[in-house]
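A quick write-up on the structure given underneath.
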Amino acid sequence: MRKYIIAALAFATILAGGLTFTACDDVDDVKDLTLDRLLSPTNVTAFIRNKTNVELKWDAINGATSYTIGVFQGNPNDGASALITESTEDVTYTITGLEGETEYTFGVKSVAEGKNDSKWSLITRSTDAEQIFYDVSDDDLQATSVTLRWPAGETATTIVITPGEITHSVTTDEITAGAATISGLVSETTYTAKLMNGEKTRGTVTFKTLIDFGDATVVQEGDNLVDILDNAAENAAIVLVSGTFDLGEYALTKSVNISGYKSSDKPTINGRFTVGATTISLSLTNLIVDGLYEQDNLLELKDANANVSNLNIIGCEIRNTNKHLIYANKIGKFGNITIDNCIIENVKDSEGDGIDLREGSELTSLVVNKSTFRNGFRTFLRCQVTNTATVSFNECTFYNVCTLDNSNNSGLFQMDKTTASSQLSVKKCFFYGVGIENPQNTASGVWAKKGKMKATCSYIQNYYYNCPNLWNTSNSQYADAHDDVAMETVDPQFIDAASGNLTIGNQTVKDLAVGDPRWY
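For the sequence shown, the residue numbers in mature numbering (1 follows the signal peptide of the UniProt record, and there is no 0) are -22 to -1, 1 to 498.
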């Protein structure tokens, strides 16, 4: 009896071993067998395109002359009927016209005359919320109201606006017109509006109401901006309606908020600001500030007692400076700096660094969001403050920066006089054309020069392309371990980079959804 038990156990072990080997061995996908039924497509993938379209891809199957695509809500093997059935001879197909915020099951099967169709290969994906809202034009914005637009005839039930929790019931006439006006808003406030059809989102748009001139100083083209600043009260709100204004080098002695009236018609200021022995705040919104290669920077601290408690640069274009964007040469203090939704370009790299705060100056925080930096910059961030500082870059695009080949180029990020109590965060940023190939100065265009990063760093979902010296083996802090810092991707195929249009043409890079969102 014992030998039969042993034999049975041995047989069971062989069966188990066979199953184990089958599961663990690397086996190529079977694509060609002599069967009366075609094999099912393999490696089916599904990508969301334009919120509610789904692009399907799969590997070709030998013997198949076409493929049937089915769209289901539920599993067809459990009896779910196809909502959509299509046929193609290609190995990629895009399904259009799906509902937003809905889970679908997509099936692909092989077809050939004289053979039974294959079984379904299935994959499940949920569509994004629809986006049928048009962007809000300046002509549809007022200080306390907005007109929102979408394709005429598209059904909706309500528009929900936050903050304020405003709910507007959409009328039949508004559906016919594809437009609704909502009043009772607050001036200079950023709102998000959602177009709803029952519980489903049909569109989302963000807008900012215009300035209520109220107590603001309104500046028209031809007015003297220098005189207006000289005579302004502390914390004055100054609104430039349109035009070009010559500022030269202007020494700020008070806190001011300078805004362009409409983001689509940004007024231009030619010049820069300096701060001496005073404490001020400065806010710049919806402006073009042009140094004309006559000014060294946008803002410079000129005295040991200079103190900029808050610097906000929002929705601006800053261009054509000789040395820096912001500068403090071992003196003065910056509190909180915020740069948001800006394009900053053509900062000469010959004599200074981009954001250049030398040891002896101070910084509390620098937050940069959804902005583009293009052309120039020797070392991009030279933050040598000794105090504890917090620095973050989120969803930014860097193009053709840190390309100067000399010993003063320390690459993208330098925080070498502080301690681990300071923080640097770089998240969802895209880098193109940083540095040059085989520079004499081996640190030119590295992510961070060896020994020049003392802050505690956090790097999340960053990508790069055509940055030949980013990880220099002899002089980059991240030469040996950089996949967690940033990952290489393919050519983004910018539409017209030379002219400043960095719109991404490559779908693979678009799908990464990194860098300044205006470009994807």
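All C-beta atoms, glycine included, are put in the ideal place defined by N, C-alpha and C.
Bear in mind that the values here come from a model prediction, so they are computed numbers and not experimental data.
query	result
Exposure of residue 104, with buried meaning 16 or more beta-carbon neighbours within 10 Å	exposed
C-alpha distance - residue 453 paired with residue 383, whole-angstrom precision	14 Å
Range covered by the beta strand (DSSP E) that runs through residue 152	Here residue 152 belongs to no beta strand (DSSP E); instead the alpha helix (DSSP H) covers 150 to 155.
Rounded straight-line distance, which links the Cα of residue 16 to that of residue 403	52 Å
Beta-carbon proximity list for residue 225, same chain, < 7 Å, skipping 5 on both sides	203, 204, 247, 248, 249
Any 3 or more C-beta pairs closer than 8 Å across the segment 76 to 95 and the segment 138 to 151	no
Endpoints, alpha helix (DSSP H) assigned at residue 424	From DSSP, residue 424 is part of no alpha helix (DSSP H); its letter is neither H nor E.
The segment 374 to 388 / the segment 481 to 494 touching (three or more Cβ pairs under 8 Å)	yes
Rounded Cβ spacing between residue 211 and residue 235 (contact assumed at less than 8 Å)	Residue 211 to residue 235, Cβ: 11 Å. No contact.
Close Cβ partners of residue 238 (< 6 Å) along its chain, the five nearest in sequence each way excluded	218, 244, 245, 264, 265
Residue 166 versus residue 295: straight-line alpha-carbon distance, rounded	19 Å
Extent of the continuous alpha helix (DSSP H) to which residue 486 belongs	485 to 490
Under the three-state DSSP convention, the category residue 204 falls into	helix
DSSP state of residue 242 mapped onto helix, strand, coil	helix
Burial state of residue 381, where buried means 16 or more other Cβ atoms lie within 10 Å	buried
As assigned by DSSP and simplified to three states, the class of residue 60	strand
Contact belief for residue 41 with residue 60 at Cβ below 8 Å, rounded distance in angstroms	Actually they do not touch by this definition, with Cβ atoms about 23 Å apart.
Presumed contact (8 Å Cβ cut-off) between residue 309 and residue 338, rounded CB distance	6 Å
Proximity of residue 288 and residue 269 at Cβ, strictly below 9 Å	no
The segment 155 to 175 touching the segment 90 to 103, judged by at least three CB pairs closer than 8 Å	no
Environment of residue 540 [buried if 16+ CB atoms lie within 10 Å]	Only positions -22 to 498 of the chain appear in this structure, which leaves residue 540 out of reach.
Exposure label - residue 473; buried when at least 16 CB within 10 Å	exposed
Reduced DSSP category for residue 477 - H, G, I as helix; E, B as strand; rest coil	helix
Separation of residue 290 from residue 362, as counted between CA atoms	21 Å
Cβ pair count under 8 Å reaching 3, the segment 54 to 70 against the segment 106 to 123	no
N-terminal and C-terminal residue of the beta strand (DSSP E) that residue 402 is part of	401 to 405
First through last residue of the beta strand (DSSP E) which encompasses residue 91	It is not in any beta strand (DSSP E) - residue 91 carries neither H nor E in the DSSP assignment.
Inside the segment 370 to 401 only - beta strand (DSSP E) runs reaching at least 3 residues	375 to 379
Three-way DSSP call (helix, strand, coil) for residue 268 in this model	strand
Residue 485, buried or exposed, once every other Cβ within 10 Å from all chains shown has been counted against 16	exposed
Beta-ladder partner(s) of residue 443, from DSSP	410
Straight-line Cα distance separating residue 497 from residue 482	6 Å
Chain-order list of residues whose beta-carbon lies under 6 Å from that of residue 488 (same chain, five-residue window excluded)	482, 498
Under 9 Å between C-beta atoms of residue 121 and residue 191	yes
C-beta atoms of residue 392 and residue 357 nearer than 9 Å	yes
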